[in-house]
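Written below as C-alpha cells is the structure these notes are about.
Residue numbers (our numbering): 2 to 764.
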C-alpha cells in the first residue's frame, strides 16, 4: 500500500495534522509548518489505512505462509514515496514526478488536470488522465462552459471525436514540445515499458456510478482498476439536467453497445442515491441509444443497488511488462492420480528485457504463471508453500494462488552471497498446478484438519477407474440409462411384480437382471443403437456383465451366470453342483436362452446408498452455461473432514467450475434429517465446510419433487446466523427434482445474506 504523505495531508483543511512535541503537547504555528516541511515525504501513520489493508488481505490472497506454530507469516509491502525510485522512467518525490527525471516520454505534450482545478471535476480528471503537477493549495471546482464540459466528457469517456480542451494541455519545458492527436494522458509518463492487459469474457458487467460522495468515486475507481470498466458520474457532468449533455449520452451509449455486443450489460449504481433516482436517470441518459440495424431497441442497462453488484466476474485487468506478458515456457511435469501437475524442473530466471522498467536498486516484480487448462482453485488465501514442489527451499521466495493462476516474487529471500550475478539473484521455483482433491487437502491443513474419501466415495472412485474417468462415471450414472440401472435393484423378490413386462428376472430382493429390451423400455430418450453403444461401453468396463439367468437343478437357486463362466456345463454358485445348459435351466423361452445384464456389486452398492445423486447434481452443474473463458470442470464427491481422526463434516460434492467453488449436500428425500434440530445441525456443518474452503456457493439438492416447507426456513436461518467472517456468506441454492425434467432451483437470501448473481447456471 502507498500511504498519504504528511506533505499531501497538509493541503486538507487546517487541523487535519496532529503532531505532538517532546512534552506531549500539540505542536502548532510556525513550528508545525517547519515539521511538516521536514517530514514532507514521510507517510502519515493512519490506523484506518492499516485496518483497511488488513480487511482487504482477509478477502484476497496475499503472500503468506503458515508457520510451524500455526500462525501466519505474511509479506507486507509498504511503498516509500520519499526518494524511492519505483520505475527507471520516473523518480518520485511525494506522488508527483519531477519532469527532469523522466526519461520517456517527457518530450510530449500530455493531457493533465491543471493544478488549480479541484472539487469533483478536478478529482474526475486526475483519476481519468492523471496530473503532472501536484494540486495547488486551495484548488476549487472550475466553472466550465457547455463547450468545455462537452469536450471534457468526450475525452474522459473515449468517444471517437473526444478531444481535450486547451485548458487540459500540459507542455513540457523544452524548446519545441511535440503535440500529437489524440493527446496522450499524463498517466503514460509513468507507464513506459508497461501495457494494460485485460481478459475479455462474454457477459461482462460494466458500471456507471452516480453520486458526489467519496464512496461513489471509490466504487467506480475500484471497479475500473479491477475489471477495466468503471465510470464515475458526479453531478458536475450534468447528469441531473433534464436533458443531459449529448457527449455524456453518446459516451455511455457507446460503452453500453460494447457490452451488449459481448452479451454483457451496463449497470447504473450509487452509494448515495436511491435506486428510483437511478431508474429515472436511466430513462434520460438512454433516451435515444445508438443502434445498428437488427439490434434490439432497448439498451441492456439497468439500475441496481450496491449489494446487488456481481463481484465475481471473470474479467480482469492489470499492468504488465510490454513484450513479456505472454511468454511460453516448456517445462517437464509429472501428473498424479488427482490431476495435480508438478514441475520436474525449475522455471527459468524471470529476467526483464525492458530497461525502462528495470528497478535499479532491488529486484522486485511479480511473475504470473498460467497453466494450459489450469486446475488450481484461484485465490482464497491458500498457503503460498502449497504451490511449490516438496523439494523447493521454503525461503526461496513468496508465492500465492492469484487470479492469474500462481504469482511469485522475482527476487530470492534465501541466502545470496555478495557479488552474485543478477540472474542468480532471481528466484527459480518449481511449482504445482493442484487438482481439486489436493487443493481441498491443502485448505483443510490450514485449519488443522485432514480429509478422507468416505466408503461411498471409494465406490465411486473405483467405478470411475473402471469406466476410464470421472466424466464417464457421471455420464453413466446420471444419463439416460439411470432408470434401467435402478431397475436392477427391484423392491420385490417376485419377478412378476418386479418386471411385469417380462423383461427382467428378480433373483432376490435388491438383485435383478434385465434384458436388452428391458434397457430400451426404460431409456425411451435413446434409440436401440444408442442403447447398444452405452451397454457395450459399460460391458467393456466391467460395470455391467452379460450372461444368463439359470436355475440349479440340485438346490433350485435362481442365479446369474456371466458369459465368462458359461459352457455347456456350468457350476452352481451356491452348491457347486455341475449342471447342463439346457431348457430346464433357463426355463423360457423354449427355443434359445435370452441374454440378461447384471450390475457389478460395487455399482449395486452405490445405487443402494443413493450414490447416483451426487452424479446427477454434478451433471446438472456441468451443463450450466458458464460466463468466463476458462472451462475446466472439476469435482470430487463424498469427502470427509476429520480432526485427529474424529469425523467433523462429510460433503457429498465439491465442484470447481468457471472460478466458482461449490459445496453441495445431496439427498434422495425431502428432508435433510429426521427432525428440525437434526436438519439445522446438518446445515451448520455444511456452512463450516463452506467457510473452511471459502466457497462461492452452498447447494442443497434432492431428487424429491420438492423439499419440505420447513427445510427452506431451516436453511435460511442457519445460514444467516452462521459467522462467515469478512467474506460474508456464499450464494445459497436449493434444488429439487434432480434427475427429472422438472428441476426447480431457488436462491435463498436472508437480510444478512448478500445476494449474488448465478454465474453459469453458478462468486
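All C-beta atoms in this analysis are idealised placements derived from N, C-alpha and C, irrespective of residue type, glycine included. All of these numbers come straight from a predicted model, not from anything done at the bench.
Own chain partners of residue 619 with C-beta closer than 8 Å, once the 5 adjacent residues on each side are dropped:
Against the chain shown, residue 619 aligns to sequence position 618. Correct list, in chain order: 475, 479, 636, 638, 654 and 656.
Can you tell which of 705, 697, 725 and 727 has its C-alpha closest to the C-alpha of residue 748?
Along the chain shown, read from residue 1 onward, the residue named residue 748 stands at position 747. Taking each of 705, 697, 725 and 727 in turn and checking the Cα distance to residue 748, the smallest one comes out for 697.
I need the boundaries of the beta strand (DSSP E) containing residue 410, first residue and last residue.
For this step, residue 410 is matched to residue 409 along the chain shown. Segment 406 to 410, the beta strand (DSSP E) holding residue 410.
If distances are taken between C-alpha atoms only, which option among 382, 456 and 563 comes closest to residue 727?
Counted from its first residue, the chain shown places residue 727 at position 726. Of the listed residues, the one whose Cα sits closest to residue 727 is 382.
Quick one: grab the DSSP three-state call for residue 142.
Here residue 142 is taken as the residue at index 141 of the chain shown, counted from 1. Note: residue 142 maps to coil in three-state DSSP.
Which residues in the same chain have their Cβ closer than 6 Å to the Cβ of residue 40, if we skip the five residues on either side of it in sequence?
Taking the first residue of the chain shown as position 1, residue 40 is located at position 39. These residues qualify, in order along the chain: 7.
Does DSSP put residue 583 in a helix, in a strand, or in coil?
As a first step, residue 583 must be located in the chain shown, where it is residue number 582. Coil.
In the DSSP assignment, the beta strand (DSSP E) including residue 287 goes from what residue to what residue?
Here the question's residue 287 lines up with position 286 in the chain shown. Taken as a continuous stretch (DSSP letters only), residue 287 belongs to no beta strand (DSSP E), as it is neither H nor E.
May I ask which residues mark the beginning and end of the beta strand (DSSP E) holding residue 599?
Counting from 1 along the chain shown, the entry for residue 599 is found at position 598. Element bounds for residue 599: 597 to 600.
Which stretch, first to last residue, makes up the alpha helix (DSSP H) that contains residue 440?
For the purposes of this step, residue 440 is identified with residue 439 of the chain shown, where counting begins at 1. Its alpha helix (DSSP H) spans residues 437 to 447.
Exposure of residue 588, with buried meaning 16 or more beta-carbon neighbours within 10 Å
Taking the chain shown and counting its residues from 1, the one referred to as residue 588 is at position 587. Exposed, because fewer than 16 other Cβ atoms sit within 10 Å of the Cβ of residue 588.
I need the straight-line Cα distance from residue 416 to residue 422, nearest angstrom please.
The residue given as residue 416 occupies position 415 in the chain shown. The residue given as residue 422 occupies position 421 in the chain shown. Whole-angstrom Cα-Cα distance: 14 Å.
Residue from 538, 715 and 574 with nearest C-alpha to residue 551
In the chain shown, counting from the first residue as 1, residue 551 sits at position 550. Comparing Cα-Cα distances from residue 551 to each of 538, 715 and 574, the minimum goes to 574.
Quick check on residue 727: does DSSP put it in helix, strand or coil?
Translated into positions along the chain shown, residue 727 becomes position 726. Residue 727 falls in the helix class under three-state DSSP.
Can you tell me the Cα-Cα spacing of residue 489 and residue 76, whole angstroms?
Here residue 489 refers to the residue found at position 488 of the chain shown. Here residue 76 refers to the residue found at position 75 of the chain shown. Each residue's alpha carbon lies about 59 Å from the other.
Assuming residue 539 and residue 464 form a contact by the criterion Cβ under 8 Å, report the distance between their Cβ atoms to the nearest whole angstrom.
Here the question's residue 539 lines up with position 538 in the chain shown. Here the question's residue 464 lines up with position 463 in the chain shown. About 10 Å; that fails the 8 Å criterion.
Less than 8 Å separating the beta-carbons of residue 642 and residue 690?
The sequence position of residue 642 within the chain shown is 641, counting from 1. The sequence position of residue 690 within the chain shown is 689, counting from 1. Yes. Within cutoff.
As a quick exercise: from 661, 688 and 700, pick the residue whose alpha carbon is nearest that of residue 668.
By one-based count along the chain shown, residue 668 stands at place 667. The shortest C-alpha separation from residue 668 is found at 700.
Got a sec? Which residues, its chain only, sit under 7 Å from residue 612 by beta carbon, not counting five neighbours each side?
Numbered from its first residue, the chain shown carries residue 612 at position 611. Close CB contacts of residue 612 within its chain, under the 7 Å cut and outside five residues either way in sequence, are with 457, 460 and 461 (chain order).
Helix, strand or coil at residue 775 [DSSP, three-state]
Here the chain covers residues 2 to 764 and nothing more, so residue 775 does not appear.
Pairwise C-alpha distance: residue 71 and residue 767:
Nothing about residue 767 can be reported from this structure: the residues present for the chain run from 2 to 764 only.
Between the C-alpha atoms of residue 766 and residue 245, what's the straight-line distance to the nearest angstrom?
Since the first residue shown for the chain is 2 and the last is 764, residue 766 is missing from the structure and cannot be characterised.
Taking the alpha-carbon positions, what's the residue 738 to residue 710 distance?
Counting from 1 along the chain shown, the entry for residue 738 is found at position 737. Counting from 1 along the chain shown, the entry for residue 710 is found at position 709. If you take the alpha carbons of residue 738 and residue 710, they lie about 15 Å apart.
Would you tell me roughly how many angstroms separate the C-alpha atoms of residue 596 and residue 261, rounded to the nearest one?
Translated into the one-based positions of the chain shown, residue 596 becomes position 595. Translated into the one-based positions of the chain shown, residue 261 becomes position 260. Approximately 57 Å, taken between the alpha carbons.
Note down the Cα distance separating residue 406 from residue 529, rounded to an integer number of angstroms.
Stepping through the chain shown from its first residue, residue 406 is reached at position 405. Stepping through the chain shown from its first residue, residue 529 is reached at position 528. Cα-Cα distance, rounded: 46 Å.
How is the beta strand (DSSP E) around residue 657 delimited, first residue to last?
The sequence position of residue 657 within the chain shown is 656, counting from 1. Run containing residue 657: 647 to 658, per the beta strand (DSSP E) assignment.
Compare the C-alpha of residue 5 against each of 42, 22 and 26 and name the closest.
By 1-based counting over the chain shown, the position of residue 5 is 4. Between residue 5 and the set 42, 22 and 26, the nearest pair of CA atoms involves 42.
With a threshold of 8 Å on Cβ separation, who are the neighbours of residue 240 within its own chain once the five nearest residues in sequence on each side are excluded?
The residue you call residue 240 lines up with position 239 of the chain shown. Counting only Cβ-Cβ distances below 8 Å, and skipping sequence neighbours, we find 211, 234, 249, 282 and 286.
What are the boundary residues of the beta strand (DSSP E) that includes residue 234?
By 1-based counting over the chain shown, the position of residue 234 is 233. Residues 231 to 234.
If you draw a straight line from the C-alpha of residue 412 to the C-alpha of residue 365, how long is it?
Here residue 412 is taken as the residue at index 411 of the chain shown, counted from 1. Here residue 365 is taken as the residue at index 364 of the chain shown, counted from 1. If I take the Cα positions, the gap works out to 6 Å.
Candidates 132, 623, 518 and 125, of which the one nearest residue 150 by Cα
Locating residue 150 in the chain shown gives position 149, where the first residue counts as 1. It is 125.
Give the straight-line distance between the Cα atoms of residue 625 and residue 734, rounded to the nearest whole angstrom.
Taking the first residue of the chain shown as position 1, residue 625 is located at position 624. Taking the first residue of the chain shown as position 1, residue 734 is located at position 733. Taking the straight line joining both Cα atoms gives about 14 Å.
Give the DSSP-derived three-state secondary structure of residue 742 in the structure shown.
One-based indexing of the chain shown puts residue 742 at position 741. Correct three-state label for residue 742: coil.
Quick check: residue 542 and residue 435, are their CB atoms within less than 8 Å of each other?
Locating residue 542 in the chain shown gives position 541, where the first residue counts as 1. Locating residue 435 in the chain shown gives position 434, where the first residue counts as 1. It is not a contact, given that the beta carbons lie outside the stated cut-off.
Rounded C-alpha distance that separates residue 2 from residue 54
Position 1 of the chain shown holds residue 2. Position 53 of the chain shown holds residue 54. Only weak support is given to the placement of residue 2: the predicted model assigns it a pLDDT of 49, under 50, and the value that follows is read from those uncertain coordinates. Residue 2 and residue 54: Cα-Cα distance of roughly 8 Å.
For the beta strand (DSSP E) that contains residue 369, what are its first and last residues?
Taking the chain shown and counting its residues from 1, one reaches residue 369 at position 368. Residue 369 -> beta strand (DSSP E) spans 367 to 370.
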